[in-house]
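Residue numbers (UniProt numbering): 1 to 448. Ideal Cβ placement from N, Cα and C applies to all residues, glycine included. Small disclaimer: the values here were computed from a predicted structure and weren't measured. Have a look at the structure below before the remarks.
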């Protein structure tokens, strides 16, 4: 046990030094996006506050944990402060590019939702979200992550505005949606984010996504950008074989002989190595951009569960010759974005903002993105710089890094008696005001 503790102590020292480099670098990167240094200092407080140990994360709880007398500074930062949050997001992406220099990057798109109680929240409407396991009143945002073999970092996000919501001028004005922001499909938002990431210097060869992101126009856009892709498709997806015949994916897979399936490892989980059976079939490309030739590798990849026999399908295209193992690696990296969502929702308040307006949502999601990026880059730097650990220790994870930072690096939440009593009185007073306002509004609405 002493050997394990010594190893952890060494990693903790390296992690502290890595945090001391990465976090200031992130704040320096976005320093020019603020009009006032006081606002910049408040932003740094909020980012570290998101990582502190609190029950929930919103302006009230974070302000109390940070020792503020009220939530006004944080609310001002999110809503009215002079702060170019779009430029800040680009600067963080450039920082990620520098940190991931020389690594093989896959751009991964996916969406996540946040349940809401009112359509007054920007973008809130009845729509499907896997996060709420069905159709419900929620906000949905599309995220783009840069995923390497060891690092996964969200570098962009776009709030999806349902068509009816985007066309409602009254709600747009009430929530401050810019005039230039119109309805866009999730595929259009993804294409715009990928294009922006490449313009910012992200060196990627591949794009990956689930079946939501398998539309022909998006695949054509990826080819125009010079990227290969590996996107999930349903079993009813129709592809054209080399002879020009059209087949549904579930029918085409019947052509595969038993010995043509290949078992490959797709990663290591808590219960051991994950293994699936894989195969592929040549198909004709249906997404060739104008002016481009038909060169490249176009295939339909199938994955079969080794126990249940359930088969999943992926449409893939590469600019060059590629092996099945390389495609499997790209497909498996898509799953990593789910881990970034879990990290953001558990430790950086990704879905806890309780914000209703455009600026507030963009800034809250940005600060959550920055906190998650700093965590991921710090953990990666610690793993790369640290000595090889014993076989009985798994590599340092972001959750373990957060636990270490809360004890040794981050300022603990303010919990002295006077401060706690002040906030108890402040909350109860403002809750009483809110209750009285609700009663008056209901009374006015009940009048004939």
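Original post:
Whole beta strand (DSSP E) runs in the region 201-278 with 3 or more residues, listed along the chain?
Top reply: 204-209, 228-233, 238-240, 246-248 and 262-269
Original post:
Under a Cβ-count criterion, where at least 16 other Cβ atoms within 10 Å of its own Cβ denotes burial, should residue 276 be classed as buried or exposed?
Top reply: With 16 or more Cβ atoms within 10 Å of its Cβ, residue 276 is classed as buried.
Original post:
Could you give the residue range of the alpha helix (DSSP H) that holds residue 189?
Top reply: 186-199
Subject >> Span separating the alpha-carbon of residue 64 from that of residue 329 >> reply: One Cα belongs to residue 64, the other to residue 329, and the distance between them is close to 45 Å.
Original post:
Do residue 357 and residue 175 have their C-beta atoms within less than 8 Å of each other?
Top reply: With respect to residue 175, residue 357 sits close: the two C-beta atoms are nearer than 8 Å.
Original post:
Among all the DSSP beta bridges, which residues are the ones paired with residue 112?
Top reply: Residue 112 pairs with 141.
Original post:
Of all the alpha helix (DSSP H) runs that stay within the bounds of the region 316-404, which reach a length of 4 or more residues?
Top reply: 324-334, 336-347 and 358-385
Subject >> Contact between the region 84-102 and the region 152-159 (3+ Cβ pairs under 8 Å) >> reply: Contact between the region 84-102 and the region 152-159 is present, because at least three Cβ pairs lie under 8 Å.
Original post:
residue 306 to residue 331, Cα distance in whole Å?
Top reply: 17 Å
**OP:** May I ask you to list the residues that DSSP assigns as paired with residue 175?
**Re:** Its beta-bridge partners do not exist; DSSP assigns none.
Original post:
With DSSP run on the structure shown, which of helix, strand or coil describes residue 8?
Top reply: helix
**OP:** Answer with buried or exposed for residue 49, where buried requires no fewer than 16 other C-beta atoms within 10 angstroms of its C-beta.
**Re:** buried
**OP:** Look at the Cβ atom of residue 146, then the Cβ atom of residue 100, and state whether they are nearer than 8 Å.
**Re:** At the C-beta level, residue 146 and residue 100 come within 8 Å of one another.
Original post:
If we call anything under 8 Å between Cβ atoms a contact, is residue 140 one with residue 150?
Top reply: no
Subject >> Length of the line joining the Cα atoms of residue 185 and residue 47 >> reply: 30 Å
**OP:** Give me the Cβ distance between residue 66 and residue 414, rounded to the nearest whole Å; I'm assuming they're in contact under 8 Å.
**Re:** The pair is a contact, with the Cβ atoms about 7 Å apart (cut-off 8 Å).
Original post:
Hey, how far is the Cα of residue 351 from the Cα of residue 295?
Top reply: 43 Å
Original post:
Is it right to say residue 51 is buried, meaning 16 or more other beta carbons lie within 10 angstroms of its own, or is it exposed?
Top reply: buried
Subject >> residue 261 versus residue 210 - alpha carbon distance >> reply: 22 Å
Original post:
Skipping 5 residues on each side, what residues in its chain have a beta carbon closer than 7 Å to that of residue 127?
Top reply: Residues 135, 138, 140 and 162 of the same chain have their beta carbon placed closer than 7 Å to that of residue 127, with the five preceding and five following residues left out of the count.
Original post:
Roughly how far, in whole angstroms, is the beta-carbon of residue 382 from the beta-carbon of residue 18, given that I think they are within contact range, below 8 Å?
Top reply: 5 Å
Original post:
So which of 208, 363 and 266 has the shortest CA-CA distance to residue 230?
Top reply: 208
Original post:
Mind pulling the beta strand (DSSP E) runs of 3 or more residues that sit fully within the region 58-141?
Top reply: 105-115 and 125-129
Original post:
Within the chosen definition, does the region 414-432 reach the region 390-404 through at least 3 CB pairs nearer than 8 Å?
Top reply: Cβ pair count under 8 Å is below three, so no.
**OP:** Taking only the alpha-carbon atoms, compute the straight-line gap between residue 45 and residue 377 and give it to the nearest angstrom.
**Re:** 19 Å
**OP:** Using only the heavy atoms of the ligand COA, determine whether one of them is closer than 7 Å to the beta carbon of residue 197.
**Re:** Here there are no bound small molecules, and the ligand COA is not part of this structure.
Original post:
Which stretch, first to last residue, makes up the alpha helix (DSSP H) that contains residue 164?
Top reply: Where residue 164 is concerned, the enclosing alpha helix (DSSP H) stretches over 163-166.
Subject >> Of the residues 337, 355, 278 and 223, the one placed nearest residue 290, counting alpha carbons only >> reply: 223
Original post:
Do residue 318 and residue 297 have their C-beta atoms within less than 8 Å of each other?
Top reply: yes
Original post:
Could one say the Cβ of residue 267 lies closer than 8 Å to chain E's Cβ atoms, at least one of them?
Top reply: No chain E appears in the structure shown, which is made up of a single protein chain.
Subject >> Residues of its chain near residue 365, where Cβ-Cβ distance is below 6 Å and the 5 sequence neighbours each way are ignored >> reply: 157
**OP:** Rounded to whole angstroms, what's the CA-CA distance from residue 107 to residue 215? Just pull it up for me.
**Re:** 16 Å
**OP:** Return the CA-CA distance between residue 439 and residue 36, expressed in angstroms with no decimal places.
**Re:** 40 Å
Subject >> Residue span of the alpha helix (DSSP H) that contains residue 446, given as start and end >> reply: If you look at residue 446, you'll find it in the alpha helix (DSSP H) that goes 417-446.
Original post:
Which partner residues does residue 406 have in the DSSP bridge list?
Top reply: Answer is none; residue 406 lacks a bridge partner.
Subject >> One or two residues paired with residue 146 in a DSSP bridge >> reply: 107 and 153
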